[in-house]
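These notes are about the structure you will find just below.
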Amino acid sequence: MATDETKRQRIVNKLQDLKADNFSEAEAILGYAEELRNLTFEDVLALQLSEVLPKASLTDSSRKGALGNLLEEHYFGYTINSDSQPDFPNAGMELKVTPVEYGNNRKKEWVIKAGERLVLTMIPNNCEIPVEYEGSSLEKKTSDILLINYLRDRSLKNTEQMIKFVNRYQISGEDLEIIKADYEKITKLVQAGRAHELSEGMTNYLGACTKGATAEKSLRTQFYPMVNEDGSLEYIPAKSRAFSLKQSFMTSLVQRFEKEQKEADQLVNNLRELKENSFDDVVLHLLAPFEKRYSTDLGAEIAPDLNPKAKNFHNALTWRLLGSKKERIEEFDKANISVRAVRVQKNGKIKEKLKLKNFQFIDLHAETKWEESEWYSLLSDKRYLFVVYQEDERGYYLRGAFFWAVPTQLIGGEEFENSAGTAYEYWLHTKNKLKEGIILRQKGNTITNNFLGVADNPVCHIRPGADARAYRFTDGRPEIGNVKKDANQLPDGQWITKQAFWLNTQLIAEEIKLNLP
């Protein structure tokens, strides 16, 4: 939309006031930024604020991060920098520009979501890092954020994207306590010379995301050595990483802006709990009184409306034990924590299959970088709360609960010398099979393929994710099932029953033995 001259003059007047005050008043900066709502980036360029601002140097608006740089230079009048100080140092305010987009939630409702994680500042790999959040460079960058969200439409040019939200965000309360704990967990690992073990799945709201064109190019020698068991010191190369607010946390934030966050329950209502205990401990303490009690008894006492014979009984019961009827908890949404009720049978095997997500073979085939793949994101970004029910002669009782994330060494990547037994190896093998062509062998009513099976990798596998099977062949064989409803296309033109990523139950069974002996 074109900006009328009256609005342009109002913007110029506000900008001149800010310049006269050296951008020292955060509220005035916010008021100036709010003029951006419902403008496209082309509209910003059309304002032609060069009479008030220094000459802008940005010419390429197509590269990653360019829209933020465009606002920095063409609207706020400062040049791109990597300074550890906030963007508006006199006001202590940091500018962040990031996309939002619409998509389906778990209930297939059309809702707004964050388009990506919010990168904050690099984790230093060439100097000391303080273990305390207070006084750190991260605190300086995050205590007061001017957050500008544009609505991403991938069919439009970058400069045609429209700015939707302008908000001042100050991390506080429960969010701050959880982020402090995340920061401490990350920095302690860095100080122990174990930055190579970092993954986004090991924290709640604050992540340690990788930075660099490729994992191999981003490898740096760590500042801190790792002390081996024999006392020797070892400086292990680690990927460059940055502190970031997770995409799930940012989604919760932008939904708050649109007031769509009403349907989630809140787990922590007393901030004092988080000052005295970690978030994980608060959750585990909540479940502890129910341990050793049988699920049927718990259901009768706490959730008499649940049917103990229903397939989802233990999952629904677990949410009730956590205090949620809606099966959504705000803190879990923000931290991308998946709650899984796991039943361990008397023989030690897990009864449930651990499905992650359905996927499209065409999308997987098109992926070129492991760390930008959907598979990697599912494994590295997510944490799990496993609530374990153990079977004995009487039935299932609550054995205990623990938080878990897939370890970095099991996720794997090109920077590791040996990828054997990792999810990365399985991903590569699957892509190679898609390139070579999938063989669908038929014997009677049974159809097999040449993908690796559950026994071929200790971490994960792919298997059908649909309730009914469906196939379409390219060799003249008759079609099987409802292909449109239950199948996905392979790159070679064949159609195969919809598939999903799955975690291996044996891996989780071993983790249960370690965490709940």
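When you read off a place in the sequence shown, starting at 1, and then add 2, the result is the number in the working numbering. Ideal Cβ positions, reconstructed from N, Cα and C, are used throughout, including at glycine.
Query raised in the report: Can you give the beta carbon distance from L18 to V54, rounded, assuming they're within the 8 Å contact cut?
Result: Per the sequence presented here, residue 18 reads as Gln, with Leu not at that position. Confirmed, about 6 Å.
Requested in this report: Determine, using beta carbons only, whether N169 and F259 come nearer to each other than 8 Å.
Outcome: yes
Report task. Would you mind listing the alpha helix (DSSP H) stretches within the region 99-137 that are 4+ residues and don't spill past its ends, in chain order? Result -> none
**Report entry** Distance between Y77 and Y152 (C-alpha atoms, nearest Å)
**Finding:** 15 Å
Query - Reference E141; option with closest CA among Q172, T8, R196 and N517 - result: Q172
Query raised in the report: Could you give the residue range of the alpha helix (DSSP H) that holds L324?
Result: It is not in any alpha helix (DSSP H) - L324 carries neither H nor E in the DSSP assignment.
Query raised in the report: What residues in its chain sit with their C-beta under 6 Å from that of N517, if we drop five residues either side in the sequence?
Result: F404
Query raised in the report: Nearest-angstrom Cα distance between I147 and S246?
Result: 13 Å
Query raised in the report: Alpha carbon to alpha carbon, what distance is there between A302 and D477?
Result: 56 Å
Query raised in the report: Between S242 and G214, is the Cβ-Cβ spacing less than 8 Å?
Result: yes
Report task. Would you check if the distance between the CB atom of Y34 and the CB atom of K21 is smaller than 8 Å? Result -> no
Query raised in the report: For Q508, which three-state DSSP category applies?
Result: helix
Query raised in the report: Per DSSP, what kind of secondary structure is Q444 in: helix, strand or coil?
Result: strand
Query - Beta-carbon gap between G209 and E202 smaller than 8 Å - result: yes
Query raised in the report: For K264, does the three-state DSSP call read helix, strand or coil?
Result: Per-residue confidence for K264 stands at a pLDDT of 49, beneath the threshold of 50, marking its modelled position as unreliable; no derived number is given.
**Report entry** Completely contained beta strand (DSSP E) runs for the region 311-368, where each covers 3 or more residues
**Finding:** 339-346 and 356-361
Requested in this report: Please report the residue range of the beta strand (DSSP E) in which R170 lies.
Outcome: M164 to Y171
Query raised in the report: In chain order, what residues of the same chain have a beta carbon less than 7 Å from the beta carbon of E513, not counting five sequence neighbours either side?
Result: W406
Requested in this report: On a CA-only basis, which of P480, E333 and N490 is nearest F251? Give me that one, please.
Outcome: E333
Query raised in the report: With burial defined as no fewer than 16 other Cβ atoms inside 10 Å of the residue's Cβ, what is the status of Y398: buried or exposed?
Result: buried
Requested in this report: Could you tell me how far apart the beta carbons of D488 and R465 are, in whole angstroms, since I believe they sit closer than 8 Å?
Outcome: Actually they do not touch by this definition, with Cβ atoms about 14 Å apart.
**Report entry** Local Cβ density within 10 Å of S2, reported as buried at 16 or more and exposed below that
**Finding:** This structure leaves residue 2 out entirely; the chain is present only between 3 and 519.
Query raised in the report: Which full runs of the beta strand (DSSP E) of 3+ residues lie inside the region 182-213, going along the chain?
Result: 208-212
Report task. Report back the beta-carbon spacing between T42 and E162 to the nearest angstrom; my notes put them in contact at under 8 Å. Result -> 6 Å
Query raised in the report: Any idea what DSSP makes of Y426, helix, strand or coil?
Result: helix
**Report entry** Residues of its chain near E44, where Cβ-Cβ distance is below 8 Å and the 5 sequence neighbours each way are ignored
**Finding:** T161 and E162
Requested in this report: Can you have a look at S280 and say buried or exposed, based on whether 16 or more other CB atoms are within 10 angstroms of its CB?
Outcome: buried
Query raised in the report: Rounded to whole angstroms, how far is the Cβ of V270 from the Cβ of L276, which I believe are closer than 8 Å?
Result: 6 Å
**Report entry** Backbone CA spacing between R396 and R345 [nearest angstrom]
**Finding:** 14 Å
**Report entry** Residue of Y473, D184, G70 and G94 minimising C-alpha distance to P101
**Finding:** G70
**Report entry** Anticipated Cβ contact below 8 Å, A337 with N206, distance rounded
**Finding:** 4 Å
Query raised in the report: So, is the C-beta of V270 closer than 8 Å to a C-beta in chain C?
Result: Reference to chain C is not applicable here, since this structure consists of a single protein chain.
Query raised in the report: Taking just the CA atoms, how far does S326 sit from G402?
Result: 18 Å
Query raised in the report: Roughly how many angstroms lie between the CA atoms of Q263 and Q257, to the nearest whole one?
Result: The pLDDT assigned to Q263 is 47, lower than 50, so where the model puts this residue is not dependable; a value taken from the coordinates is nonetheless given after this. Looking at the two C-alpha atoms, the distance is approximately 6 Å.
Query - Nonlocal neighbours in the same chain, by C-beta distance under 7 Å from S26, ignoring five residues either side - result: N92 and A93
Query raised in the report: F503 by DSSP, collapsed to three states: which one?
Result: strand
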